[in-house]
Amino acid sequence: MDRDELADFLRRRREQLQPADVGVLPGLRRRTPGLRRDEVALLAGMSTDYYTRLEQSRGPRPSVQVLGALARALRLTDDERDHVFHLCGHPAPLRTGGDRHVGPGLLYLLGKLEDTPACVVSDLGEVLVQNRMHIVLVGERTGRTGLGRYLLWRWFAEPTERGGFPEEDWDRLARKHVADLRATAARRAGDPDVTELVTRLRAVSPDFERLWTEHEVAVRVADAKRMIHPQVGMLDLVCETLVTPNATQNLLVYYPRPGTDAQEKLDLLRVIGTQSMGSETGSRATLSDRG
Numbered sequence: 001m002d003r004d005e006l007a008d009f010l011r012r013r014r015e016q017l018q019p020a021d022v023g024v025l026p027g028l029r030r031r032t033p034g035l036r037r038d039e040v041a042l043l044a045g046m047s048t049d050y051y052t053r054l055e056q057s058r059g060p061r062p063s064v065q066v067l068g069a070l071a072r073a074l075r076l077t078d079d080e081r082d083h084v085f086h087l088c089g090h091p092a093p094l095r096t097g098g099d100r101h102v103g104p105g106l107l108y109l110l111g112k113l114e115d116t117p118a119c120v121v122s123d124l125g126e127v128l129v130q131n132r133m134h135i136v137l138v139g140e141r142t143g144r145t146g147l148g149r150y151l152l153w154r155w156f157a158e159p160t161e162r163g164g165f166p167e168e169d170w171d172r173l174a175r176k177h178v179a180d181l182r183a184t185a186a187r188r189a190g191d192p193d194v195t196e197l198v199t200r201l202r203a204v205s206p207d208f209e210r211l212w213t214e215h216e217v218a219v220r221v222a223d224a225k226r227m228i229h230p231q232v233g234m235l236d237l238v239c240e241t242l243v244t245p246n247a248t249q250n251l252l253v254y255y256p257r258p259g260t261d262a263q264e265k266l267d268l269l270r271v272i273g274t275q276s277m278g279s280e281t282g283s284r285a286t287l288s289d290r291g
């Protein structure tokens, strides 16, 4: 534990916070910048003496519960909270998913992949944003609500979604989907979105229940996918997954499998997409992928 670094960090963060930031009345006379120590202690649910000792590099190592309370009281960002945990020799808490905001970095990369099908999905398989080629390949996938926005729900509860894949691939893909969800469920333990999805799927799908009880765990990085498009037929593709640092969002990139005619078919789809995008009569596929 680095007591001096922790003390300096807590003191500086306290001095940067204003009473209005945490709903504290400023009062008439404040001799110190930011919050007072007793105000931080009150917000964190601890004694002023205990908090004062932390700022003075004294006292025992704080527990993870104490650090969590301090992070909330001082309005720390996730990165700042993790820093405090590391200073005290504790592993950083797992970060839960659910954030649908796509950062500028992912959007920039997606915009550069004009000729390659690509999309950004959450760790539960909700499509957050697609590029033009991805829409041409699989159809519009954003804007869905309820459980239907998750790939696994559509795969197991709406089996017609499997029609865009060869039937002989269904079991392999289903196993990969469930194994990936297993990893996400462990990473986001207790998250209500994950709990609801798993509970509902176990109730409505015997196939999901069977695979879930096998406890296979695997995070997909690259996955061969044969997709059936109504206008160009079978496409042999590879889906490469680029994971964000906190593993809550993934950039999926589809490229031709070497030694196949998938590139020629993607080129044809690019032409079809150019002609049909913006037209209500433009053809769109109905298949489902990870997103």
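Numbering of the sequence shown is given in UniProt numbering, commencing with residue 1 and proceeding in unit increments. Cβ atoms here follow ideal geometry from the backbone N, Cα and C, with glycine treated the same way.
Nearest by alpha-carbon distance to V271: which of T116, R72 and Y50 is it?
T116
In this structure, does DSSP put D90 in helix, strand or coil?
Here residue 90 turns out to be His, not Asp, going by the sequence shown. Coil, per DSSP.
Ordered along the chain, which non-local residues of its own chain (more than five positions away) have a Cβ less than 7 angstroms from that of R202?
F208, E209 and W212
With 16 other CB atoms within 10 Å as the buried threshold, where does P91 fall?
exposed
So what does DSSP say about P19, is it helix, strand or coil?
helix
What do you reckon, are the CB atoms on T241 and V221 nearer than 7 angstroms?
A contact, by the Cβ cut-off of 7 angstroms.
Taking the continuous alpha helix (DSSP H) assigned at H134, which residues delimit it?
Note, H134: alpha helix (DSSP H), R132 to V138.
Since residue 293 and E216 are thought to touch, with beta carbons under 8 angstroms apart, how far apart are those beta carbons, to the nearest angstrom?
Look at the range of the chain in this structure, 1 to 291, and you will see that residue 293 is not part of it.
In chain order, which continuous runs of the alpha helix (DSSP H) of length 4 or greater are located wholly inside the segment 132-212?
132-138, 151-157, 170-187, 192-204 and 206-212
Three-way DSSP call (helix, strand, coil) for E280 in this model:
At E280 the pLDDT is 40, less than 50, meaning the model places this residue with poor confidence and gives no usable figure here.
Inter-residue Cα distance where the pair is P71 and D169:
Checking the sequence, you will find Ala at residue 71 rather than Pro. Roughly 47 angstroms between the two C-alpha positions.
If you follow the alpha helix (DSSP H) that P104 is part of, which residue opens it and which one closes it?
P104 to K112
Contact under 7 angstroms by Cβ, D49 with T248:
no
State buried or exposed for Y51, treating a residue as buried only when at least 16 other CB atoms are found within 10 Å of its CB.
buried
Looking at V121 and V127, is the spacing between their C-beta atoms short of 7 angstroms?
yes
In angstroms, rounded to a whole number, what distance separates the CA positions of residue 344 and P62?
In the structure as shown, the chain begins at 1 and stops at 291. Residue 344 is therefore absent and cannot be evaluated.
Note the first and the last residue of the continuous beta strand (DSSP E) segment covering E126.
Looking at the DSSP string, E126 is not in any beta strand (DSSP E), and its letter there is neither H nor E.
When burial is assigned at 16 or more other CB atoms within 10 Å of the CB, is K225 buried or exposed?
buried
Contacting residues, own chain, Cβ-Cβ under 8 angstroms from W153 (five flanking each side not counted)
L147, L197, R200 and L201
Taking Cβ to Cβ, would you say L109 is nearer than 7 angstroms to G125?
Remark: C-beta atoms of L109 and G125 do not approach each other more closely than 7 angstroms.
Could you give the DSSP three-state label for residue 341: helix, strand or coil?
Residue coverage of the chain in this structure runs from 1 to 291, which leaves residue 341 outside it and unanswerable.
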